[in-house]
Amino acid sequence: MDKIRNFCIIAHIDHGKSTLADRLLEFTKTIGERDMMNQVLDDMDLEREKGITIKSHAIQMSYEYKNSKYTLNLIDTPGHVDFSYEVSRALAACEGALLLVDATQGIQAQTISNLYLALENDLEIIPVINKIDMDGAMIPEVKDQIIDLIGCKEDEILLASGKSGIGIEEILSAVIERIPAPKGNEDAPLQAIIFDSVFNSFRGVIAYYRVYNGTIKQGDQVRFIATDAEYDADEIGVLKLGLDKRKEVKAGDVGYIITGIKNAKDVKVGDTITLVSNPGEPIQGFEEVKPMVFAGIFPVVTEDFEELRDCMDKLQLNDASLTYELETSQALGFGFRCGFLGLLHMEIIQERLEREFNQTVITTVPNVSFNAYTSRGEKIIVNNPAEMPDPTRLDRIEEPYIKAQIITLPEYIGNIMTLCLGKRGILINQSYLTTTRVELMFEMPLTEIVFDFYDKLKSQTRGYASFDYSPIGYREADIVKMDILLNGDKVDALSALIHRSRAQDFGRKLCEKLKELLPRQQFQIAIQAAIGAKVIARENISAMRKDVTAKCYGGDISRKRKLLEKQKEGKKRMRQIGNVEVPQEAFLAVLKLD
Amino acid sequence: MSEAIVHEAELRKDYISGKVETIYFGGGTPSLLPLEDLSKLIATFKKLFDVDPDAEITLESNPDDITAEKLAGWKEAGVNRLSIGIQSFFEEDLKWMNRAHNATQAEACIHLAHQAGFDNLTIDLIYGTPTLTDEQWKHNVDKALSLGITHLSCYALTVEAKTALADMIKKHRIEDVSADKQGHQFELLMQWMQEAGWEHYEISNFAKPGHRSRHNSSYWKGASYLGLGPSAHSFNGTSRQWNVANNALYLKSIEQNIVPFEIEQLTPEQQLNEYIMTSLRTMEGLSVPYVQLHWSDKQAEEIVRDAEKFLQHNLMEHKNDRLILTQKGKLMADGIAADLFR
Ligand SMILES: Nc1nc2c(ncn2[C@@H]2O[C@H](COP(=O)(O)OP(=O)(O)OP(=O)(O)O)[C@@H](O)[C@H]2O)c(=O)[nH]1
Ligand SMILES: [Mg+2]
Chain A
4 MDKIRNFCII AHIDHGKSTL ADRLLEFTKT IGERDMMNQV LDDMDLEREK GITIKSHAIQ
64 MSYEYKNSKY TLNLIDTPGH VDFSYEVSRA LAACEGALLL VDATQGIQAQ TISNLYLALE
124 NDLEIIPVIN KIDMDGAMIP EVKDQIIDLI GCKEDEILLA SGKSGIGIEE ILSAVIERIP
184 APKGNEDAPL QAIIFDSVFN SFRGVIAYYR VYNGTIKQGD QVRFIATDAE YDADEIGVLK
244 LGLDKRKEVK AGDVGYIITG IKNAKDVKVG DTITLVSNPG EPIQGFEEVK PMVFAGIFPV
304 VTEDFEELRD CMDKLQLNDA SLTYELETSQ ALGFGFRCGF LGLLHMEIIQ ERLEREFNQT
364 VITTVPNVSF NAYTSRGEKI IVNNPAEMPD PTRLDRIEEP YIKAQIITLP EYIGNIMTLC
424 LGKRGILINQ SYLTTTRVEL MFEMPLTEIV FDFYDKLKSQ TRGYASFDYS PIGYREADIV
484 KMDILLNGDK VDALSALIHR SRAQDFGRKL CEKLKELLPR QQFQIAIQAA IGAKVIAREN
544 ISAMRKDVTA KCYGGDISRK RKLLEKQKEG KKRMRQIGNV EVPQEAFLAV LKLD
Chain B
-10 MSEAIVHEAE LRKDYISGKV ETIYFGGGTP SLLPLEDLSK LIATFKKLFD VDPDAEITLE
50 SNPDDITAEK LAGWKEAGVN RLSIGIQSFF EEDLKWMNRA HNATQAEACI HLAHQAGFDN
110 LTIDLIYGTP TLTDEQWKHN VDKALSLGIT HLSCYALTVE AKTALADMIK KHRIEDVSAD
170 KQGHQFELLM QWMQEAGWEH YEISNFAKPG HRSRHNSSYW KGASYLGLGP SAHSFNGTSR
230 QWNVANNALY LKSIEQNIVP FEIEQLTPEQ QLNEYIMTSL RTMEGLSVPY VQLHWSDKQA
290 EEIVRDAEKF LQHNLMEHKN DRLILTQKGK LMADGIAADL FR
C-alpha cells in the first residue's frame, strides 16, 4: 500500500488539467502512442466538441521511481463551476491534489473554490504553474499569488507545461514524495466508497470506488449499504484507458465493479460497498448535490414519454447530479421537472439526451427553487411555476441568494459593479489580491445569474473576469408568477417566476420573441404576458392574408391533397394551446432572449 | 395523336359504366386540333359510351386560335360550351403574363363565338398580377359581364417554380406577385359578383344561375371520370390513375394496345380528405350527414369539433348540417381543409 498514490488534478476552467494528464499518461507509458490524442481522458463526444471536461475521469498509471514500482491513481476533474460536485467526489478518493494555475491568467475564481474543497478533505496540495511555454506567462507574479493563497514556500511550486511536456518528471516525483500513501487495512472488513458510476448498455452499471479498508475479490458477495442490496461481484478490476480486469482490488486502491445491475437507481454514488460475509461500517458519503436550477423536460412527441423516462434513468446513472420528478403540463403532456447544477449542466443534459439517447426534447423556462409561505404558515417549496400558491393565499416568498466571487482586472470594476448592482446584487467586499487583480464579492439572488449573467459578464470584461458562487440561504423577495396567454389560453409551459421589477421587461421580450416564432394562422393570435389578471405586455400576430389555391380539378385534387396532408403531418409536431398551434421552438424561446 | 386517343378510348371503354353526362376537351391547346379529328373523337365517344343527348361538351380555346370558320366547325361537331382563356382585357397584363393574344383579340373572340351561336360561354380571368390595378381589375370583370357570358373562372396568378416567369422574378426583371394584393382583389371580386347576382359556386368559379359547369362540378362531387391522352387523370371513385406525360412514350405504348399509366388506390381516409378539401371549396360546403353515411359518425363528429375554432373566428358557418366557408374563410380554404383532414 505504501507504493500507491491517489491524486487528482484541480484548477480553474481551461487551465490545462486534461492536457497535463495527457503528458503524465504518456510519460508513464499508460497510453501507447497509437491511442494518444489531445485531452484523451475527455472521451465524451460532447467534451471533445466543447473542449471542456464535464465528468471526472480516473485512470491508473504505473511508474518506477528510485527502483520501486508505484501505482498512481490519477483523477482528472472538470473546472466549470457547474461541475464542482465532480471535484468533491474525486477528492474523496485521493490523498493529494495537483493545483494547476495557468501562468498567463493567475489565480481565478475556481482555483480558489477548488483549493478550499481540497483543503476541507485534508488533501496534500502540490501547486503547479502551468502553461509556462506561453509568451504571456507571468511566473513571478503567479508565484506570489500562490504563496499568498496557500502559504507555501516558493520552492514548493512546480513549473510545467502540459503542451510542451515541461516539468512532468518533477510532478511525478512530487506526487510520490509529497503525497502520503493511503492508509487502511487490507484485512479489515471491506469499505469501499463509490465515487462515480457509468452505465454501459452491454454490461449494465459500472461503479467506480476507492477501497478504504479490506479487499474486494472477484466473485465476492457484496452489499451496497445505503440501498441495502446484495450482488455478486461478477467482475472487478482497475481503471486503465479501458477496464482492466483483476482478481482483487485492495485497500488504498481505486477500481471498478460490475454486478449485472441494470437498474440505474440501484447504485448510489457515495454509497459504501462491503462484503456480505464480513460487513464493515458505512463511510460518510457525499452531501447530496443540490440542484440550482429547475426546468421541465418533455418529449417532443407525447407518446415518447415512456422511452424518455427510461433514458432519464440511464442518464442519471452517468450523472447522479441530475434530479427529476414527474411533471404534467397541459401544453406539453407528461414530462419531468429536472434539477440542474446550472445552465451549462442543463444544456449538456439536453444534448446528451439527444446524442446518446436519440431523444429530442422540449425544455421549459428554467427557474430557481423558491420558498413560499402561506398565510396559514405552511412552507411550500416551489420548483415549478405551477406549484406557486395563489397570491391570495400567500404570505411571503423567499428566494435563494448566493455569494458571488469575481476576480478581475481593476479597469473592469466599474462595469462589473453596474452589472451586479443592476442584478440586485450587494457589494460586500472588494480587495486587491495583487496590484493588478481585484476580488469583488457580492450577495445576489441566484435567479439573476440564471439568465444572461455569464454572457454579460464576459462581454463587459472582455473575458477578463472569473466567477464563482456558493449558496448562502434564502431571503424574502417580491416574486411574481408571470403567465403567457395565447388567444386568452394560458400556456403553462411558458409561465415564469420572476422578480416584480423584471416582469414587464421580460414579458415584453418574450411576447416579441413568440411573435417571431409562432406561424401565422387563419385568424389573429393575441400573445399576452400577464401577472394574475393584469396584462403587462402584448403582441398580435395578424391572420394569414390568403391561403387558397386557384385550380382544383382532376389531377390537381390528388396533388393538393398530398400537399395538405403533409402540412397536416407537420402540424402534428406542434402543440395545440386552445386555438393556437405552437411549434416546439416557441417553448425554447425564453432561453434565447437577449 | 387523336388516332391514339381514339384507340385508348376503345381500349378503356369499360372504365366507365352508366351515362356520360359531360365531355371536356382541355389541357394543352385543343383549339389547335384539326376539325375532322375533333369530329372523329366526339363520334367515337358517342359510339363507345352511353353519351347523354344533353351532354355538356366543352372545348378549351385560346383567343388567338378562334376564327369564325373554326367556331362553325366546333359547333357542327357537337361542342356546346366554349371556354376561352382570355386572362385579361389589358395589353400590359397580357404581355406580363407572356400571352400570345392581345387585348383586341380578347374582346373580338367573344363576339365571334356569340355570332357562331355559342351562348354557353365561359372565360378565364387572372388577378393579382403586379401590373393589374384594382380599377383595371374592376374593368376586366365589368367587361366580362357586359359581354354576355354565362360563366366566369377567376384565378390568382401563381408563379410556378422553374418557369420563365419565376426566373424573371428571381432576377428582379419583373415585380413579384403580392399575397396582399391577391387577397384584396379576390375580396373585391366576390363582392362584385354577389352584386351582379351570380353564384360563387366554387372558390374560382362563378355562374349565372343555371349555368354552372356540370363537368367541373362532378370533380367536386367525387364522380367517376375517364381521362384520355398523355398525362390525363382518371378516377373511378376509389382509385386515381394518370397516363404517362411523355407524348412519344404514350403513342408507342398505345400502338401496342397498352395504356401506360400509374395508379394510386385511395384509402377511405384519403377519400375523406379529398371530400373535405373539394367540398369546402364549394358553395354547398361539407355535408355532415354525407360524411356520416360514407365514412363514420366518429369522423363526422371530429370534423365538426375541429371546425369549432373556424366558426368562432367567422371563417365558417354551420348551417343545415353543412359546414360552409364564409367569404373570409374562402381566402383560407387550403389551411382550413388541412386542419380538418383526418
Ligand atoms: N500553450 C499552452 N496551452 C495549453 C497548455 N495546456 C493546455 N493548453 C491549452 O489550453 C486549453 C485548455 O486545455 P485543457 O487541458 O482542456 O484544460 P482543462 O483545465 O482540462 O479544462 P476543463 O477541463 O474544461 O476545466 C486547450 O486549448 C489546450 O490546448 C500548455 O501547457 N501550454
Ligand atoms: Mg479538462
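Residue numbers (our numbering), protein chains in the order written: chain A, 4 to 597; chain B, -10 to 331. Glycine included, every Cβ here is placed at the ideal spot set by N, Cα and C.
Within chain A, the residues that residue i reaches when beta carbons sit closer than 9 Å
i                 : result
Phe175 of chain B : Lys549 and Val551
Thr147 of chain B : Thr552, Ala553 and Lys554
Contact list for residue i against chain B, beta-carbon separation under 9 Å
i                 : result
Leu488 of chain A : Result: empty, since nearest Cβ-Cβ is about 16 Å, beyond 9 Å.
Per-residue contacts from residue i into chain A (C-beta, under 8 Å)
i                 : result
Leu304 of chain B : Gln525 and Phe526
Glu253 of chain B : Ser561
Ser193 of chain B : Ala553, Lys554 and Cys555
Tyr144 of chain B : Ala553 and Lys554
Lys132 of chain B : Under the 8 Å cutoff, chain A gives no residues; its nearest Cβ is about 20 Å from Lys132 of chain B.
Nearest residue (CA-CA) to residue i, options the options
i                 : options                                   : result
Ile409 of chain A : A:Leu422, A:Pro403 and A:Glu401           : A:Leu422
Asn3 of chain A   : A:Tyr415, A:Val303 and A:Gln333           : Here chain A comprises residues numbered 4 to 597, so residue 3 of chain A is not present and cannot be evaluated.
Gln527 of chain A : A:Leu356, A:Gly557 and A:Leu489           : A:Leu489
Thr230 of chain A : A:Gly273, A:Leu152 and A:Lys6             : A:Gly273
Asp295 of chain B : B:Ser276, B:Asp328, B:Gln316 and B:Thr267 : B:Asp328
Cys155 of chain A : A:Ile171, A:Ile78 and A:Val131            : A:Val131
Gln125 of chain B : B:Leu215, B:Leu269 and B:Leu83            : B:Leu83
His83 of chain A  : A:Ile16, A:Lys53 and A:Ile129             : A:Ile16
Leu246 of chain A : A:Ile261, A:Gln113, A:Met444 and A:Pro81  : A:Ile261
Ala323 of chain A : A:Gly170, A:Glu89, A:Lys250 and A:Ile487  : A:Glu89
Asp235 of chain A : A:Lys243, A:Ala61, A:Asp223 and A:Ile228  : A:Asp223
Asp53 of chain B  : B:Leu24, B:Ile99 and B:Gly62              : B:Ile99
Tyr402 of chain B : B:Asn91, B:Met86, B:Glu164 and B:Gln94    : Shown here, chain B extends from -10 to 331; a query on residue 402 of chain B therefore has no answer.
Lys271 of chain A : A:Phe198, A:Leu335, A:Thr218 and A:Phe308 : A:Phe198
Ile149 of chain A : A:Leu101, A:Thr56, A:Phe301 and A:Leu193  : A:Leu101
Gln171 of chain B : B:Thr122, B:Gly186 and B:Ser207           : B:Thr122
His302 of chain B : B:Met157, B:Lys159, B:Leu314 and B:Lys308 : B:Leu314
Glu98 of chain A  : A:Ile128, A:Ala112 and A:Gln113           : A:Ile128
Phe470 of chain A : A:Ser59, A:Gly19, A:Asp85 and A:Tyr73     : A:Asp85
Gln18 of chain A  : A:Ile110, A:Gln525, A:Ala96 and A:Ser176  : Per the sequence presented here, residue 18 of chain A reads as His, with Gln not at that position. Comparing Cα positions, the closest option is A:Ile110.
Thr76 of chain A  : A:Gln63, A:Lys69, A:Ser87 and A:Tyr68     : At residue 76 of chain A the sequence reads Asn, which differs from the Thr that was named. The shortest Cα separation from Asn76 of chain A among A:Gln63, A:Lys69, A:Ser87 and A:Tyr68 belongs to A:Gln63.
Lys8 of chain B   : B:Leu24, B:Glu45 and B:Ser28              : B:Glu45
Neighbour list for residue i in chain B, Cβ cutoff strictly below 7 Å
i                 : result
Gly558 of chain A : His222 and Trp231
Gln570 of chain A : Ala327
Leu567 of chain A : Met266, Asp323, Ala326, Ala327 and Phe330
Contact list for residue i against chain A, beta-carbon separation under 7 Å
i                 : result
Gln259 of chain B : Arg564
Lys59 of chain B  : Under the 7 Å cutoff, chain A gives no residues; its nearest Cβ is about 24 Å from Lys59 of chain B.
Glu263 of chain B : Ile560 and Arg564
Arg270 of chain B : Cys555
Residue i: CB within 6 Å of a non-hydrogen atom of ligand 4
i                : result
His18 of chain A : Ligand 4 is not part of the structure shown, which contains ligand 1 and ligand 2 as its ligands.
Query - Residues of the segment 153 to 179 of chain B whose Cβ lies closer than 8 Å to any Cβ of chain A, in chain order - result: Closer than 8 Å at the C-beta level to chain A, one finds these residues of the segment 153 to 179 of chain B: Ala168, Asp169, Gln171, Gly172 and Phe175.
**Report entry** Interfacial residues, the segment 198 to 219 of chain B to chain A, with Cβ spacing under 7 Å
**Finding:** For the segment 198 to 219 of chain B, which is checked against every Cβ of chain A, the residues closer than 7 Å are Asn205, Tyr208 and Gly216.
Query raised in the report: Between the segment 276 to 308 of chain B and chain A, which residues of the former have a C-beta closer than 8 Å to a C-beta of the latter?
Result: Within the segment 276 to 308 of chain B, those residues whose Cβ lies closer than 8 Å to any Cβ of chain A are, in chain order, Lys298, Phe299, Gln301, His302 and Leu304.
Query raised in the report: Of the residues that make up the segment 572 to 592 of chain A, which ones have a beta carbon closer than 7 Å to any beta carbon in chain B?
Result: So the list reads Asn582, given in the order they occur along the chain.
Report task. Mind listing which residues have their beta carbon within less than 5 Å of any non-hydrogen atom of ligand 2? Chain order is fine. Result -> For ligand 2, the selected residues are A:Lys20, A:Ser21 and A:Thr56.
Report task. Identify every run of the beta strand (DSSP E) within the segment 184 to 221 of chain B, keeping only runs that are complete inside it and at least 3 residues long; order them along the chain. Result -> Qualifying beta strand (DSSP E) stretches, in chain order: 188 to 191 and 194 to 196.
Requested in this report: Output the residue ranges of the alpha helix (DSSP H) runs that lie fully inside the segment 100 to 159 of chain B and measure 4 residues or longer, sorted by chain position.
Outcome: The qualifying runs are 123 to 135 and 153 to 159.
Query raised in the report: In chain order, which beta strand (DSSP E) runs of at least 3 residues are fully inside the segment 231 to 273 of chain A?
Result: With a minimum length of 3 residues, the continuous beta strand (DSSP E) runs that stay inside the segment 231 to 273 of chain A are 232 to 235, 238 to 242, 246 to 249, 251 to 253 and 257 to 261.
Report task. Quick one: which unbroken alpha helix (DSSP H) runs of 4-plus residues sit fully inside the segment 316 to 397 of chain A? Chain order, please. Result -> Secondary structure remark: continuous alpha helix (DSSP H) runs of at least 4 residues inside the segment 316 to 397 of chain A, in chain order: 346 to 360.
Query raised in the report: Mind pulling the alpha helix (DSSP H) runs of 4 or more residues that sit fully within the segment 388 to 455 of chain A?
Result: List check, alpha helix (DSSP H) in window: 416 to 425 and 450 to 453.
Query raised in the report: Which parts of the segment 0 to 55 of chain B are runs of the alpha helix (DSSP H), unbroken and 4 residues or longer, counting only runs that do not cross its ends?
Result: Within the segment 0 to 55 of chain B, complete alpha helix (DSSP H) segments of at least 4 residues are found at 24 to 37, given in chain order.
**Report entry** Segments of 3+ residues assigned as beta strand (DSSP E) that fall wholly inside the segment 251 to 326 of chain B
**Finding:** For the beta strand (DSSP E) assignment, the uninterrupted runs of no fewer than 3 residues enclosed by the segment 251 to 326 of chain B are, from N- to C-terminal side, 305 to 308 and 311 to 314.
Query raised in the report: What are the start and end residues of each continuous beta strand (DSSP E) run of 3 or more residues lying completely inside the segment 518 to 582 of chain A, in chain order?
Result: For the segment 518 to 582 of chain A, whole beta strand (DSSP E) runs of length 3 or above, ordered along the chain, are 528 to 534, 537 to 544 and 578 to 580.
Query raised in the report: Mind pulling the alpha helix (DSSP H) runs of 4 or more residues that sit fully within the segment 32 to 87 of chain A?
Result: Complete alpha helix (DSSP H) runs here, min 4: 48 to 53.
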